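Asker: One structure coming up, written as structure tokens, with questions to follow.
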Amino acid sequence: MVVDLRAGQLTPIHLPTPIEEAFRDLVRTREAVVYDRRRVRQRMQSALLRWGIRRSERFIAWSPRWRTWIRTIHPESEWAQSVWDEWLSQLEALDARVTRLERLIQTAMSTHPHSSLLVALQALREIDWLTSATLVSEFGDFAQFAHPRAVMSSVGLVPREASGGSSRRQDPITKTGNAHVRRVLVEAAHSYRYPPTKQGRTAQRVGKAPVAWLLSLHTIDWWAQHRLHARLRRRSGARGKAQAVTAVTRELCGYCWEIAVWVRAETRREEAVHASTL
Numbered sequence: 099m100v101v102d103l104r105a106g107q108l109t110p111i112h113l114p115t116p117i118e119e120a121f122r123d124l125v126r127t128r129e130a131v132v133y134d135r136r137r138v139r140q141r142m143q144s145a146l147l148r149w150g151i152r153r154s155e156r157f158i159a160w161s162p163r164w165r166t167w168i169r170t171i172h173p174e175s176e177w178a179q180s181v182w183d184e185w186l187s188q189l190e191a192l193d194a195r196v197t198r199l200e201r202l203i204q205t206a207m208s209t210h211p212h213s214s215l216l217v218a219l220q221a222l223r224e225i226d227w228l229t230s231a232t233l234v235s236e237f238g239d240f241a242q243f244a245h246p247r248a249v250m251s252s253v254g255l256v257p258r259e260a261s262g263g264s265s266r267r268q269d270p271i272t273k274t275g276n277a278h279v280r281r282v283l284v285e286a287a288h289s290y291r292y293p294p295t296k297q298g299r300t301a302q303r304v305g306k307a308p309v310a311w312l313l314s315l316h317t318i319d320w321w322a323q324h325r326l327h328a329r330l331r332r333r334s335g336a337r338g339k340a341q342a343v344t345a346v347t348r349e350l351c352g353y354c355w356e357i358a359v360w361v362r363a364e365t366r367r368e369e370a371v372h373a374s375t376l
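Throughout the sequence shown, residue numbering follows my numbering, covering 99 to 376 in sequence.
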């Protein structure tokens, strides 16, 4: 083991600190509660189909108007009514848990050791506070990745490969590694079907970053929007939407890694300037 360490043959890994591990547990707990709420919603919608109950007006499922409507439903059977009341109470309890956990996450983000990175990652399109929290809770400051390809591999976005002799074949992506990060990045990648823009929620989120960082963060986001939008349109016509979104997600990993590297370098520079003035 010592010989391997001296020869540089061991791959370093990132060990989260107790604070980082607690933050990761908080984010994953919120994700688990959201999954439980989705299961309850599916059961309720299936029951409505079985009972032949249809809404008279057209509105978005699980919107405030939808929730008002489902509270007025009264099945004919007394047992069915008891089941429906149980589901309603479960749904309200899960909604309250999600809201409470989201408030805890937002509060923890302001005191997190990588709070600067949590804000900087939101410069990218559709990377909101929750996606940023998921990325940082799973990967920290990305210091364990020497190259963006390592990030892509760690979330299972690289193709499988079957090679033997002179033959080389690449199959669909491995989907091995961190599924939490892969899920949120795939969701963000869909937004690049829209043309690049400097308006909207992205500009509001980046406004929370230090003033000296704004120009660099806007530049990285602008490059990413142009490149990923063009790539998504080009590959959608050639390979189909699913493969195009996968390709854009893979490149989005690279931009997240670039911002993390930039934040670490900028933070060290500011610390050096502050130390020289003491």
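By construction, the Cβ of each residue, glycine as well, lies at the ideal position given by its N, Cα and C atoms.
Only a predicted model underlies this, so the values are computations on that prediction, with no experimental measurement involved.
Whole angstroms is fine: what's the gap from His372's alpha carbon to Ala363's?
Answerer: What you label residue 372 is simply residue 274 of the sequence shown in a count that begins at 1. What you label residue 363 is simply residue 265 of the sequence shown in a count that begins at 1. So the alpha carbons of these two residues sit roughly 14 Å apart.
Asker: How many whole angstroms separate the CB atoms of Trp355 and Phe240, which I take to be in contact at a CB cut-off of 8 Å?
Answerer: The sequence position of residue 355 within the sequence shown is 257, counting from 1. The sequence position of residue 240 within the sequence shown is 142, counting from 1. Correct: roughly 5 Å between the Cβ atoms.
Asker: Could you check the C-alpha separation between His316 and Ile271 for me, to the nearest Å?
Answerer: Along the sequence shown, read from residue 1 onward, the residue named residue 316 stands at position 218. Along the sequence shown, read from residue 1 onward, the residue named residue 271 stands at position 173. So the alpha carbons of these two residues sit roughly 31 Å apart.
Asker: Got a sec? Which residues, its chain only, sit under 7 Å from Ala218 by beta carbon, not counting five neighbours each side?
Answerer: Within the sequence shown, the letter at position 120 stands for residue 218. Cβ within range, chain order: Ala307, Trp311, Leu315, Ile357 and Val361.
Asker: Could you give the first and the last residue of the continuous alpha helix (DSSP H) run that contains Pro116?
Answerer: In the sequence shown, residue 116 corresponds to position 18, counting from 1. Segment Pro116 to Trp149, the alpha helix (DSSP H) holding Pro116.
Asker: Given this structure, state the Cα-to-Cα distance separating Gly71 from Leu222, to the nearest angstrom.
Answerer: Nothing can be reported for residue 71, as the shown portion of the chain is limited to 99 through 376.
Asker: According to DSSP, is Ile318 helix, strand or coil?
Answerer: Position 220 of the sequence shown holds residue 318. Three-state result, Ile318: helix.
Asker: Looking only at its own chain, which residues have a Cβ that is under 7 Å from the Cβ of Asn276, when we skip the five neighbours before and after it?
Answerer: Within the sequence shown, residue 276 is the residue found at index 178, counting from 1. Result list for Asn276: Glu236, Ser252 and Val253, in chain order.
Asker: Compute the Euclidean distance between the alpha carbons of Ala322 and Leu313, then round it to the nearest angstrom.
Answerer: For the purposes of this step, residue 322 is taken as the residue at position 224 of the sequence shown. For the purposes of this step, residue 313 is taken as the residue at position 215 of the sequence shown. Each residue's Cα considered, the two are about 14 Å apart.
Asker: Kindly identify the DSSP beta-bridge partner or partners of Pro257.
Answerer: Residue numbering aside, residue 257 sits at position 159 when the sequence shown is read from its first letter. In the DSSP output, where bridge partners are listed per residue, Pro257 has Ile271.
Asker: Can you tell me whether Asp319 is buried or exposed, with buried defined as 16 or more other CB within 10 angstroms of its CB?
Answerer: Indexing the sequence shown from 1 puts residue 319 at position 221. Asp319 is buried by the Cβ-count criterion.
Asker: What residue range is occupied by the uninterrupted alpha helix (DSSP H) comprising Glu369?
Answerer: Start at 1 with the first residue of the sequence shown, and residue 369 comes out as number 271. Looking at the DSSP string, the run of the alpha helix (DSSP H) that includes Glu369 is Lys339 to Thr375.
Asker: Do Val249 and Arg195 count as a contact pair if the criterion is CB distance below 7 Å?
Answerer: Taking the sequence shown and counting its residues from 1, the one referred to as residue 195 is at position 97. Taking the sequence shown and counting its residues from 1, the one referred to as residue 249 is at position 151. Their beta carbons are not under 7 Å apart, which means Arg195 does not touch Val249 by this criterion.
Asker: Closest to Val138 by C-alpha separation, out of Tyr353, Leu186 and Leu283, would be which residue?
Answerer: As a position in the sequence shown, residue 138 is number 40, starting the count at 1. Of the listed residues, the one whose Cα sits closest to Val138 is Leu186.
Asker: For Ile225, count neighbouring Cβ atoms within 10 angstroms of its own Cβ and tell me buried if that reaches 16, exposed if not.
Answerer: Here the question's residue 225 lines up with position 127 in the sequence shown. Counting Cβ neighbours within 10 Å, Ile225 comes out buried, since at least 16 surround it.
Asker: Closest to Val279 by C-alpha separation, out of Leu350, Ser180 and Pro257, would be which residue?
Answerer: For this step, residue 279 is matched to residue 181 along the sequence shown. It is Leu350 whose Cα lies nearest to the Cα of Val279.
Asker: Identify, in the order they occur along the chain, each residue of the same chain with its Cβ nearer than 7 Å to the Cβ of Ala231, setting aside the five sequence neighbours on each side.
Answerer: Position 133 of the sequence shown holds residue 231. Same-chain partners within the cutoff: Val125, Ile203, Met207 and Leu216.
Asker: DSSP three-state label for Gly238, please.
Answerer: Locating residue 238 in the sequence shown gives position 140, where the first residue counts as 1. Coil.
Asker: Thinking just about the alpha-carbon of each residue, which of Val309, Arg291, Thr365 and Arg366 is nearest to the one in Arg329?
Answerer: For the purposes of this step, residue 329 is identified with residue 231 of the sequence shown, where counting begins at 1. The candidate whose alpha carbon is nearest that of Arg329 is Arg291.
Asker: According to the Cβ coordinates, are Leu192 and Asp134 closer than 7 Å?
Answerer: Within the sequence shown, residue 192 is the residue found at index 94, counting from 1. Within the sequence shown, residue 134 is the residue found at index 36, counting from 1. Cβ atoms of Leu192 and Asp134: closer than 7 Å.
Asker: Among the residues of its own chain, which have a CB less than 6 Å from the CB of His324, if the five just before and after it don't count?
Answerer: Translated into positions along the sequence shown, residue 324 becomes position 226. For His324, where only same-chain residues beyond five positions count, the Cβ hits under 6 Å are Pro294.
Asker: Rounded to the nearest angstrom, what separates His327 and Ala244 at their Cα positions?
Answerer: Here residue 327 refers to the residue found at position 229 when the sequence shown is read from its first residue. Here residue 244 refers to the residue found at position 146 when the sequence shown is read from its first residue. Distance between the alpha carbons of His327 and Ala244 is about 26 Å.
Asker: Contact defined as beta carbons within less than 8 Å: I believe Ser214 pairs with Thr365. What is the distance between those atoms, to the nearest angstrom?
Answerer: Counting from 1 along the sequence shown, the entry for residue 214 is found at position 116. Counting from 1 along the sequence shown, the entry for residue 365 is found at position 267. Indeed they touch by this definition, with Cβ atoms about 6 Å apart.
Asker: Starting from the Cα of Trp167, find the closest Cα among Pro173, Arg153 and Ser180 and give me that residue.
Answerer: As a working mapping, residue 167 is identified with position 69 in the sequence shown. For the residues Pro173, Arg153 and Ser180, the minimum Cα distance to Trp167 belongs to Arg153.
Asker: Mapping the DSSP letters down to three states, classify Ala287 as helix, strand or coil.
Answerer: Here the question's residue 287 lines up with position 189 in the sequence shown. It is helical.
Asker: DSSP three-state call for Arg163: helix, strand or coil?
Answerer: On the sequence shown, residue 163 is found 65 positions in, with the first residue counted as 1. In the structure shown, Arg163 sits in a helix (DSSP, three-state: H, G or I).
Asker: Do Arg332 and Ala345 have their C-beta atoms closer together than 7 Å?
Answerer: Taking the sequence shown and counting its residues from 1, the one referred to as residue 332 is at position 234. Taking the sequence shown and counting its residues from 1, the one referred to as residue 345 is at position 247. Going by C-beta atoms, Arg332 is not nearer than 7 Å to Ala345.
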